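Using the numbering used here, you'd call the opening residue of the sequence shown number 4 and step up by one each time. Glycine included, C-beta positions come from ideal geometry on N, C-alpha and C. This one's a predicted model, so the numbers in the text were calculated from it and none came from an experiment.
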Amino acid sequence: MESRRRLAILCSHLLPSSASPVASSQSQFLSPCNSSSDSNFMMGSGGGAGGEKQRDQDCVFCSIVRGQSSAFKLYEDDSCLCILDRNPLSHGHSLIIPKAHFSTLESTPPSLVAAMCSKAPFIANALMKATGSDSFNMLVNNGAAAGQVIYHTHIHIIPRKTNDCLWTTESLPRYPIIFDQEASRLVSSIREQLTNVYGDYKGQESGLSRFSL
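Printed below as a string of structure tokens:
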């Protein structure tokens, strides 16, 4: 059952090969994405271990970026592109994908995350207007326990409407934090890790201009 679910999610980002072409006036919005000029960036320059570069050869999203697989493309620039999710949770459910291959959000350079997130407001605004929605969810499934199946960083933008039968903010139980020693230890531990992790990111690039605890 788990393997079927993973296969279904993997296929959800691809168009069937038999998909009929659209009119020429709309063809620019369809992949294959014309990204050959970005091949060096796509290979994950600055991506660290060679494993990242090897994994992109079998990555569904990298295949879309290279123009080897088809997807409905909504937006593209030098660093990222936006496509429709093949099996959307709502009308207009889209994905913002970096052209460079990084398997998780924490392995993605801050400047690239910033480039992706900077596109979210106007893409989401266009999606809401096109779908008649007035709200949206923006989320990242990062890691297996969080539901990540395709290990290429991507951001979901999911247009929402009132009574759309999707999840609500309070659909899961929430428990107030207790201001005790356990909470204090958690805060201290997180602050310590923030300092350590920031040092790693600072060594990787100067994408974070300011950071304070």
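Anticipated Cβ contact below 8 Å, residue i with residue j, distance rounded
| i | j | result |
| --- | --- | --- |
| P91 | M119 | Wrong, their Cβ atoms sit about 19 Å apart, outside the cutoff. |
| F75 | I153 | Not quite, the Cβ-Cβ distance comes to about 17 Å (not below 8 Å), so this is no contact. |
| A117 | I160 | Contact doesn't hold; Cβ gap of about 16 Å is too wide. |
| H104 | H155 | 6 Å |
| P179 | L130 | Not quite, the Cβ-Cβ distance comes to about 34 Å (not below 8 Å), so this is no contact. |
| Q151 | N140 | In fact, because the Cβ distance is near 16 Å, the residues do not count as touching under 8 Å. |
| P113 | Y204 | 6 Å |
Whole-angstrom distance between residue j and residue i, CA atom to CA atom
| i | j | result |
| --- | --- | --- |
| E109 | D61 | 21 Å |
| C83 | I99 | 7 Å |
| H157 | I126 | 14 Å |
| A148 | L197 | 22 Å |
| K164 | I86 | 21 Å |
| T134 | D81 | 27 Å |
| S138 | D167 | 11 Å |
| H96 | E79 | 17 Å |
| S66 | L77 | 17 Å |
| M45 | G146 | Note that M45 scores 37 on pLDDT, short of 50, meaning its location in the model is unreliable; the coordinates nonetheless yield the value given after this. For M45 and G146, the distance between alpha carbons rounds to 21 Å. |
| S174 | G70 | 39 Å |
| N199 | L189 | 15 Å |
| D59 | S192 | 34 Å |
| D88 | S72 | 14 Å |
| R194 | S136 | 38 Å |
| T111 | N128 | 25 Å |
| W170 | T107 | 25 Å |
| D183 | T172 | 26 Å |
| I181 | K132 | 42 Å |
| R177 | E185 | 18 Å |
Assigned exposure category for residue i - 16 Cβ within 10 Å defines buried
| i | result |
| --- | --- |
| V68 | buried |
| L115 | buried |
| S187 | exposed |
| S121 | exposed |
Per DSSP, the bridge partner or partners of residue i
| i | result |
| --- | --- |
| R138 | Looking at the sequence shown, residue 138 is not Arg but Ser. The partner list for S138 (beta bridge, DSSP) reads R163. |
| C83 | P101 |
| K76 | I86 |
| I158 | I99 |
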